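Report on the following structure.
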Amino acid sequence: MQDPTLLLRDIHQPPAPPFWPPAPGWWLLAGAGLLVLGVVMAVRWERAQRRRGIAAIFDSAVAEAPTPVDEVAAISQLLRRAARRIDPSADRLRGDAWLEFLDRHAGDGRRRRRSGAADGGFAGAPGRLLLEGAFRPEIDVDPADVAALRSLARARFQQWMAAK
Numbered sequence: 002m003q004d005p006t007l008l009l010r011d012i013h014q015p016p017a018p019p020f021w022p023p024a025p026g027w028w029l030l031a032g033a034g035l036l037v038l039g040v041v042m043a044v045r046w047e048r049a050q051r052r053r054g055i056a057a058i059f060d061s062a063v064a065e066a067p068t069p070v071d072e073v074a075a076i077s078q079l080l081r082r083a084a085r086r087i088d089p090s091a092d093r094l095r096g097d098a099w100l101e102f103l104d105r106h107a108g109d110g111r112r113r114r115r116s117g118a119a120d121g122g123f124a125g126a127p128g129r130l131l132l133e134g135a136f137r138p139e140i141d142v143d144p145a146d147v148a149a150l151r152s153l154a155r156a157r158f159q160q161w162m163a164a165k
């Protein structure tokens, strides 16, 4: 038997795990997080490149137009091409039906009112240039209206061309 006077020590706890290096599970979690971050960044970069390319197509086609009347014609042609992505028969619309289509398919998830002047749509003064601007004498076309139409049409063109 054992001697009762023998000094016994209590069971001791193991030392706490060190902070570094982390356990393998944390390495896997960090790797998965970096992978997800890389994929998200790659997708965003690709979308930005696509948006820049679409904007360059619009800008170069409009810049090639020598006169404001030709700019309006180029803008109309680009919008009709892009509208075919939304509705295959959209390029055949004429007059107010065409302007209503441009306002209705704003792509922002809500229906637009038809009063173009109130919400900056195509039914307002800049959008009316699409109906008659290409047929007006050059003196009647206001460059400020053409610039307003260009910015409105550029946004809609990018919106429609970026849609899948």
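Just so we're aligned, residue 2 is where the sequence shown starts under the working numbering, counting upward by one. Just so you know, even glycine gets a beta-carbon here, dropped at the ideal spot from N, CA and C. It should be emphasised that the depicted structure is a prediction, and the values quoted were computed from it without experimental measurement.
- Cα separation between T6 and P16? Spanning the two alpha carbons is a distance of roughly 29 Å.
- Item | Straight-line Cα distance separating P67 from L150 | 16 Å
- Query: With contact counted as at least three CB pairs below 8 Å, one residue from each stretch, are the segment 72-81 and the segment 142-162 in contact?
  - Reply: yes
- Is it the case that the Cβ atoms of W161 and I87 are separated by a distance below 7 Å? yes
- Query: How many Å lie between D97 and F123 at the Cα?
  - Reply: 10 Å
- Distance between A164 and L38 (C-alpha atoms, nearest Å): 24 Å
- Task: Determine the direct distance from the alpha carbon of H106 to that of L80, and round the result to whole angstroms.
- Result: CA-to-CA, the gap between L80 and H106 works out to about 12 Å.
- Query: From G125 to F136, what distance separates their C-alpha atoms?
  - Reply: 18 Å
- Query: Quick one: what does DSSP say R10 is sitting in, helix, strand or coil?
  - Reply: coil
- Message: Applying the 10 Å Cβ sphere with the 16-neighbour rule, what's the burial state of R112?
- Response: Per-residue confidence for R112 stands at a pLDDT of 45, beneath the threshold of 50, marking its modelled position as unreliable; no derived number is given.
- Going by Cα to Cα distance, which pick from L132, L103, L30, A145 is closest to A154? L103
- Query: If you run the structure through DSSP and keep just helix, strand and coil, what is S152?
  - Reply: helix
- Should W27 go down as buried or exposed, given a rule of 16 or more other Cβ atoms within 10 Å for buried? In summary, W27 is exposed, with fewer than 16 beta-carbon neighbours lying within 10 Å of its beta-carbon over all protein chains present.
- Item | Cutoff 8 Å; reference Q159; Cβ partners in own chain excluding five residues on either side | Same-chain partners within the cutoff: R52, I55, A56, F59.
- Secondary structure at E65, three-state DSSP: helix, strand or coil? In this structure, E65 counts as coil in the three-state DSSP scheme.
- Under the three-state DSSP convention, the category D97 falls into: helix
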